[in-house]
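Presented below is the structure to which this report refers.
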Amino acid sequence: MPAEDFSLLDNIRYSNGPKGLREYYRSQLRNDRAKALELINDRNLRFSTLYLLRGELYSSVEPAVLNPLYSRALKVAGKLTDKNPKDAEKELRTADDSTLSALRWIVRTGYTEIDPDENYKRLLENAAAMLTKTFRDTSALPEIAEMIFAENRNGGLIHELVWAFFEARSPRSLYLIANYLNSPHIEDVELAKKLLCFIPDIGSPPGVSGPAVYNRVMYWLQENLPFLYYTGESLHLCNSPRHYTVSWLAKYLCRPVSAENGEPLLPLNSFEKKLASGFNKRTEPARIQLADFSQMLHRRNVWQWNTWIRLPADEQARLAARAAGGLL
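As structure tokens, then:
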């Protein structure tokens, strides 16, 4: 919808559609070229509008008179559209900072509500994937999340956008997904649950409202975020991928891990390696119980935790089981 911080050309696109936008801009080029150049260089212009006018620009406007960001964005878009995405990635990954800025602008302003064609959708998917996977840039994740949920509400395919979103390997981005649990659209709530299916009991009991699930998810993320790492699973491989998992050993040791591989951010010392050896010999339910108790105690009182973590392994387990209300 039109907005005050959109350019005049953006508002014309929203009001009159792509055909009306092109007709208006051609008229400006014929009757007032200086005004036409001023409009196309508006600092609030969105990429979706620039892209729709690329034919008029290629035939009538020298690249040198365009805003450098806009000119670079058109070149990047051309490579992502005309070439195999893998070939384009190889060519663009070593480019200068203007390429990264262009990709950010394409993704952050490229979403359009006026029936974009499949080629344009693929362009946005490829740009999003390059931004997150190749450059590990997370600045456009809110916009990628918006595109995912909007496309899902419209019945479109979201596999590529979801893959691009999670390839950023940023556990904090899960908060962006969790926010959609409060959406008034049931499609948003169900998709958010699906994308966060690695969080225990997110889909049960049936009929629980989005806000109630949201509170549960926010608490779980607060408890586990430092210990999450990316699994590489995706919608390409299964219907309900578990994009992240918890390193129970890291949670037990209260040592944050790399989201890339689950390895501790700093090497374990000899004492921690000894603890890890004993911990890994226990059953998974016992490991989870120990990890949950350890992290809870560490958050509540680090001095008590320092005493507990030095107790014999069986004594640690006994106290953890007592706190959990039973023995494993």
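So in the working numbering, the last spot in the sequence shown is 1269, and the numbers never skip. Ideal placement from N, C-alpha and C gives every residue a C-beta, glycine not left out.
Assumed close pair residue i, residue j - CB separation to whole angstroms, cut-off 8 Å
i, j, result
"residue 1176", "residue 1244", "Actually they are not in contact, since the Cβ atoms of residue 1176 and residue 1244 sit about 45 Å apart, beyond 8 Å."
"residue 997", "residue 967", "6 Å"
"residue 1010", "residue 1042", "6 Å"
"residue 981", "residue 962", "11 Å between Cβ atoms; not a contact."
"residue 1238", "residue 1246", "5 Å"
"residue 1201", "residue 1171", "7 Å"
"residue 1112", "residue 1185", "6 Å"
"residue 1052", "residue 992", "So it is not a contact: roughly 12 Å between Cβ atoms."
"residue 1136", "residue 1093", "The pair is not a contact, with the Cβ atoms about 10 Å apart (cut-off 8 Å)."
"residue 1022", "residue 1064", "5 Å"
"residue 950", "residue 973", "Contact doesn't hold; Cβ gap of about 14 Å is too wide."
"residue 1152", "residue 1123", "6 Å"
"residue 970", "residue 977", "5 Å"
"residue 1254", "residue 1219", "5 Å"
"residue 1086", "residue 1117", "4 Å"
"residue 1114", "residue 1079", "7 Å"
Which residues DSSP lists as bridging residue i, in chain order
i, result
"residue 1198", "1205"
"residue 1166", "Its beta-bridge partners do not exist; DSSP assigns none."
"residue 1171", "1185"
Terminal residues of the beta strand (DSSP E) in which residue i lies
i, result
"residue 1052", "That residue, residue 1052, is in no beta strand (DSSP E); it is neither H nor E in DSSP."
"residue 1186", "1185 to 1187"
"residue 1260", "From DSSP, residue 1260 is part of no beta strand (DSSP E) but of the alpha helix (DSSP H) over 1254 to 1265."
Segment limits, alpha helix (DSSP H) that includes residue i
i, result
"residue 962", "949 to 972"
"residue 1224", "Taken as a continuous stretch (DSSP letters only), residue 1224 belongs to no alpha helix (DSSP H), as it is neither H nor E."
"residue 1069", "1059 to 1070"
"residue 1090", "1082 to 1094"
"residue 1247", "1243 to 1249"
CB contact below 7 Å: residue i versus chain C
i, result
"residue 1001", "Here chain C cannot be found, since the structure has a single protein chain."
Could you name each continuous alpha helix (DSSP H) segment of 4 residues or more that falls completely within the stretch 1101 to 1140, going from the start of the chain to the end?
Here the runs fully enclosed are 1115 to 1119 and 1127 to 1136.
Tell me whether the stretch 1156 to 1169 and the stretch 1094 to 1102 touch, counting them as touching only if at least three CB pairs, one residue from each stretch, are closer than 8 Å.
Judged by Cβ distances under 8 Å, the stretch 1156 to 1169 makes no contact with the stretch 1094 to 1102, as fewer than three pairs qualify.
Report yes or no: do three or more beta-carbon pairs, one from the stretch 1227 to 1236 and one from the stretch 1251 to 1269, lie closer than 8 Å?
The stretch 1227 to 1236 is in contact with the stretch 1251 to 1269.
Any alpha helix (DSSP H) of 4 or more consecutive residues that is wholly inside the stretch 971 to 1039
Entirely contained in the stretch 971 to 1039, the alpha helix (DSSP H) runs reaching 4 residues are, in chain order, 974 to 981, 988 to 993, 995 to 1001, 1009 to 1023 and 1026 to 1033.
Would you call the stretch 1105 to 1113 in contact with the stretch 1064 to 1072, where contact means no fewer than 3 C-beta pairs closer than 8 Å?
Because the criterion of three Cβ pairs below 8 Å is met, the stretch 1105 to 1113 and the stretch 1064 to 1072 touch.
Counting Cβ pairs closer than 8 Å, one from the stretch 1155 to 1162 and one from the stretch 1181 to 1198, do we hit at least three?
With a cut-off of 8 Å, the stretch 1181 to 1198 and the stretch 1155 to 1162 do not count as touching, because too few Cβ pairs lie within range.
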